[in-house]
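In the working numbering, the protein residues as written are -1 to 289. Cβ coordinates follow ideal geometry from the N, Cα and C atoms, glycine included. A quick write-up on the structure given underneath.
Rendered as structure tokens:
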């Protein structure tokens, strides 16, 4: 028996930069740029689609400018999620929507909303691990997530979300597996340098260690005026053996589509008995308050 899923990832460069329009215009331009790619995914029969980290804005975290707070939206009541619920229903397509979330005035999260193929809002994941290093001043903008590591039973499979910097932490990746994830999506915004080496190392390792598929998304281009580096794209899918299924370019806007069989998870886990052989009773020190 097979369980074939067709999935898509969208990587996209910023069409308007700071100084070329208002915050609202920049956000609207990025949203509108995505719509033809979302339509194309629907026309190709994509069943599960994931967008990049805070997909409808710049990666504004180098700025430490409060004006970007205005781009945050309520979830699921905000306009972006409401609009994409209509697209999900139109194409019978699950859509994972990473946006800037306003929980209340002054409390903001880096969040991904999950919409099922009938347009129903299933829930959200809030980014847990928040970096605060040169050029990535995320703690200025995002409160650490407080919803744990949920998974979402969609029409086509059980999905989990891990956002960008989260990928450096294997603990959450394991918890997503224990919570039933068959596919984990990692929407990101990462630039050339050390992370480019890690980009193709860590996530295949998560896929192997946990016996699930991963869809990994990175934006493309340079975003002005911050110029913290080039977002190098290279979005990809990887299977539970750590093998690359499909990979996007480093520079271009792109819808990457791949088909894979979720039954491979059973085959791989029956071969590598990591879940049988794990010893959680020996891991207590991992959650102790150690330096």
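Residues of its chain near residue i, where Cβ-Cβ distance is below 6 Å and the 5 sequence neighbours each way are ignored
i	result
residue 242	234, 236
residue 89	40
residue 270	none
residue 261	0, 1
residue 7	48, 213, 215, 233, 254
residue 65	21
residue 93	47, 82, 86, 113
residue 157	150, 181
residue 252	9, 246
residue 188	216
residue 122	73, 109, 111
Span of the alpha helix (DSSP H), counted from its first residue to its last, around residue i
i	result
residue 88	77 to 89
residue 6	No alpha helix (DSSP H) contains residue 6, which is instead part of the beta strand (DSSP E) from 2 to 9.
residue 39	21 to 41
residue 265	262 to 269
residue 163	Note, residue 163: premise wrong, no alpha helix (DSSP H); not H, not E.
residue 274	272 to 275
Close beta carbons around residue i, own chain, < 7 Å, minus the five adjacent residues each side
i	result
residue 23	14
residue 247	231
residue 106	67, 70, 98, 99, 100, 139, 140, 141
residue 220	228
residue 266	209, 238, 239
residue 205	211, 212, 236, 237, 238, 240
residue 31	10, 13
residue 194	230
residue 62	135, 138
Residues that residue i bridges to, as DSSP identifies them
i	result
residue 212	182, 236
residue 124	109
residue 96	110
residue 222	The partner list for residue 222 (beta bridge, DSSP) is empty, contrary to what the question assumes.
residue 140	Residue 140 pairs with nothing; no bridge assigned.
residue 231	In the DSSP output, where bridge partners are listed per residue, residue 231 has none listed.
residue 254	7
residue 299	The structure shown has nothing for residue 299, since the chain only spans -1 to 289.
residue 248	Bridge partners of residue 248: none, in fact.
residue 49	DSSP, once it has assigned bridges, lists no residue as partnering residue 49.
Which of helix, strand or coil DSSP assigns to residue i
i	result
residue 135	strand
residue 207	helix
residue 12	coil
residue 18	coil
residue 282	helix
residue 169	helix
residue 259	strand
residue 200	helix
residue 55	coil
residue 152	coil
residue 145	coil
residue 101	strand
residue 174	helix
residue 192	helix
residue 64	helix
Residue i - containing beta strand (DSSP E), residue span
i	result
residue 242	242 to 245
Beta-carbon proximity list for residue i, same chain, < 8 Å, skipping 5 on both sides
i	result
residue 284	169
residue 28	10, 12, 13, 14, 53, 54, 55, 56
residue 166	127, 196, 200
Distance cut-off 8 Å: residue i Cβ against heavy atoms of the ligand COA
i	result
residue 80	Looking at this structure, you won't find the ligand COA or any other ligand, since it has none at all.
Would you call the segment 256 to 265 and the segment 80 to 88 in contact, with 3 or more CB pairs under 8 Å? no
Would you call the segment 169 to 180 in contact with the segment 132 to 140, where contact means no fewer than 3 C-beta pairs closer than 8 Å? No contact exists between the segment 169 to 180 and the segment 132 to 140.
Does the contact criterion of 3 or more C-beta pairs under 8 Å hold for the segment 144 to 153 versus the segment 66 to 79? no
Within 8 Å, do at least three Cβ pairs link the segment 113 to 124 to the segment 20 to 36? no
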